[in-house]
Amino acid sequence: MNRRDLFRLPAAMGLAAAIPNIGNARPQQALSNPLQPPAEGSIPVAVLLSDGAVVIDFAGPWEVFQNVSVPGRATEPVFQLYTVAETTAPVKAGGSMTIVPEYTFATAPAPKIIVIPAQGEPTEAMLAWIREAARTADLTMSVCTGAFVLAKTSLLSGKAATTHHSAYAQFVMAFPDIALKRGARFVESGRFASSGGLSSGIDLTLRVVERYFGRAVALNTANTLEYQGQGWLDPASNMVYAKRRKSTAQHPLCPVCEMDVDKATAPSSVYQGRTYYFCMASHQKIFDASPARFLG
1 MNRRDLFRLP
11 AAMGLAAAIP
21 NIGNARPQQA
31 LSNPLQPPAE
41 GSIPVAVLLS
51 DGAVVIDFAG
61 PWEVFQNVSV
71 PGRATEPVFQ
81 LYTVAETTAP
91 VKAGGSMTIV
101 PEYTFATAPA
111 PKIIVIPAQG
121 EPTEAMLAWI
131 REAARTADLT
141 MSVCTGAFVL
151 AKTSLLSGKA
161 ATTHHSAYAQ
171 FVMAFPDIAL
181 KRGARFVESG
191 RFASSGGLSS
201 GIDLTLRVVE
211 RYFGRAVALN
221 TANTLEYQGQ
231 GWLDPASNMV
241 YAKRRKSTAQ
251 HPLCPVCEMD
261 VDKATAPSSV
271 YQGRTYYFCM
281 ASHQKIFDAS
291 PARFLG
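Now the structure itself:
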């Protein structure tokens, strides 16, 4: 028996019998923001890639989507997953993982879900493709600092979003027209959604599964993955990151991203008689261009 057939067993057996009791799972209530699955056929999911894409940001959601089983739909995948990039040239993702995209912006099927992981600076072609594809998509979702890519399309203007906690300050400075939600595991805003850092994308994807097929199917998917995180049941579960940290002489923080820095090795700048330390040279450059923006 192959893995796919094995994972379909819970659906064939009946979800209620197959799903173990999850102690802290919240009781099922009326589903908010439901998404309508098609009467037949798979739901197309485009995973957007470019150099520097963070592996868990796209691989986590990919695993969730590919392991969804819905009773009565055992002969075809529930979600049709594919990768999209500006060209089909190999993409160098995090940790030197190399991926050959299946489609270009010109050839990709129209998606119903768009997944935008953290990655390098987007090109104008990428932003144009997102804008166009999002017009007919059920949901366009970002993971981690993929929120910066989505925000640069202007599609989030006037909406709420979140991102990795280390990028809160930078996001607020870059996109004052977007309401940043600190401490959110994920944020849903109409036909758009964003998650916090890294593993938060798994929770957002389970929530997407729930919106299409209900709590029982999402719980079964989490159980199939042996995933015990419950952030998808509580979007406020990242509150540990909500409080702003304070930089001190003993424990300095990068003023751009609020990450810890080592004074012995960190690049530094002096502004109005005070020395500021940075986690990376690019953040020092951003700070030096307009220090007052980061010292409010």
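Letter by letter, the sequence shown follows residues 1 to 296 in UniProt numbering.
Quick reminder that beta carbons are idealized off the backbone N, C-alpha and C, glycines included.
Coil, strand or helix - residue i by DSSP
i	result
L204	helix
Q228	coil
F287	helix
V91	strand
A242	coil
L31	coil
L295	coil
L253	strand
A17	Confidence is the limiting factor: at A17 the pLDDT is only 47, short of 50, which leaves the residue's position unreliable and the question unanswerable from this model.
E121	coil
N24	The pLDDT assigned to N24 is 46, lower than 50, so where the model puts this residue is not dependable; a value taken from the coordinates is nonetheless given after this. It is coil, neither helix nor strand.
S199	coil
R211	helix
N220	helix
S282	helix
Check whether residue i and residue j have beta carbons under 9 angstroms apart
i	j	result
P235	R185	yes
P90	V78	no
A46	P109	yes
M280	P291	no
A242	F192	no
L198	A222	no
A160	A179	yes
F58	G229	no
T104	T87	yes
P111	V70	no
P34	Y212	yes
I130	T153	yes
Residues sharing a beta bridge with residue i, DSSP
i	result
Y277	S268
L48	V84
F79	I43
V115	V47, M141
Y103	V84
T98	K92
A161	L180
residue 297	Here the chain comprises residues numbered 1 to 296, so residue 297 is not present and cannot be evaluated.
D234	Per DSSP, none; premise fails for D234.
D260	L253
Boundaries (first-last residue) of the alpha helix (DSSP H) holding residue i
i	result
Y168	168 to 174
E63	55 to 66
P146	Checking the sequence, you will find Gly at residue 146 rather than Pro. Per DSSP, G146 belongs to the alpha helix (DSSP H) from 146 to 151.
A125	124 to 134
N-terminal and C-terminal residue of the beta strand (DSSP E) that residue i is part of
i	result
E188	186 to 189
F192	192 to 195
Among the options, nearest to residue i - alpha-carbon criterion
i	options	result
G120	L150, P61, F213	L150
T265	P252, Q272, E76, V217	P252
C144	S69, V55, S189, Y212	V55
S32	Q170, V261, R215, M126	R215
V68	N220, M239, L204	N220
M173	R73, R211, P111, C257	C257
A93	A125, A39, D51, Y103	D51
E226	L49, E63, L48	E63
D138	E102, V84, E124, E188	E188
A249	G196, L233, V240, Y277	Y277
S237	Q272, R274, S195, R245	S195
V239	T275, T162, M259, A289	Looking at the sequence provided, one finds Met at residue 239 rather than Val. When each option's Cα is compared against that of M239, the closest is T162.
L295	R244, S282, D262, V261	R244
L155	A169, I113, H165, T140	T140
P176	G183, A289, H165, G158	G158
I114	E102, S96, L81, E124	L81
Within-9 angstroms CB hit, residue i to chain B
i	result
A184	The chain labelled as chain B is not found in the depicted structure, where only one protein chain is given.
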